[in-house]
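Written out below as structure tokens is the structure these notes cover.
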Amino acid sequence: MRKFKLIACALVLTMSLAAVAACSGSDEDDVVVISQETEAEQAGDSGETEDAEGDGQAASESDAYTFVYNGATVVPGGDLNEVLETLGDNYTYFEAASCAGFGLTKTYTYNNGSFVISTNSEDDKDIVTNISIYDDTVSTPEGVYIGDSSDSVKEVYGQPDSETETTMTYTKGDSVLVFVITDGTVTYIVYNYTAI
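For the record, in the sequence shown the residue sitting at position 194 is 194 according to this note's numbering, with numbers rising by one throughout.
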């Protein structure tokens, strides 16, 4: 498992550096920040957080595949700010100007690379665009882990909406849940928000 964590961390770092390289050549105002911050630093001095519960959030949860960690439900297309404090402060934070013109692209890497949440800023919200699971210390809310068989995925989720030799894809609303399969075993799990 240690080997998978190292590979996952290297992959995240490579993707982050690639994003920075793709955006290079722009103004000096495009600042890249790599830091580890606590919940209080993320929330700012006001200490105010938005209420994560409400009719809009509940509706979006039922219309999307969601990820749950530490009691926080992360919804692709939802505002990460609503659950950031509940997720805890065991993360590394990275941000860069979006190459696609979406403000800031932010990446939160939790538990030394166990999973990564990516967002794009929209007004005062950080819209969740991607959730990637890299090891078996976390699972989908339905109980699928890295290392499970592709047959186990089908037992839990049914037949995929699309399937290749290396992927099983499930679509719900504006979210896509993809299981990457190697030799019949789940090696990577990713949630994507498709309405961007």
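Glycine is no exception: its CB is placed at the ideal position from the N, C-alpha and C atoms.
These numbers were taken from a predicted model, which means no experiment stands behind them.
Taking a 10 Å sphere around the C-beta of S162, we find fewer than 16 other C-beta atoms and assign the residue as exposed. Non-local beta-carbon contacts of N90 in its own chain, meaning distances under 8 Å to residues more than five positions away in sequence, involve Y110, N111 in chain order. Rounded to the nearest whole angstrom, the CA to CA distance from S139 to I146 is 7 Å. Taken through DSSP and simplified to helix, strand or coil, T194 comes out as coil.
Going by DSSP, S175 is part of no alpha helix (DSSP H) but of the beta strand (DSSP E) stretching over 175-182. Taken through DSSP and simplified to helix, strand or coil, V128 comes out as strand. Residue pairing by DSSP places K106 opposite E95, T119 in a beta bridge.
Within its own chain, the residues whose Cβ lies closer than 7 Å to the Cβ of G184, once the five positions on either side in sequence are excluded, are S149, S150, listed in chain order. E165 sits in coil when the DSSP states are folded into three classes, being neither helix nor strand. Comparing alpha-carbon positions, the option among N81, E82, F179, I196 lying closest to S132 turns out to be F179. Contact between G103 and N81 fails: their C-beta atoms lie close to 13 Å from each other, not under 8 Å. With contacts defined as CB atoms closer than 8 Å, Y65 and S175 qualify as a contacting pair.
In this structure, S114 sits away from T129, with a CB-CB distance that is not shorter than 8 Å. Excluding its 5 nearest sequence neighbours in each direction, T105 has C-beta neighbours in its own chain below 6 Å: A96, S98, N120, listed in chain order.
In the three-state reduction of the DSSP assignment, S149 falls in the strand class, which pools E and B. Under the DSSP definition of a beta bridge, T73 partners with V68.
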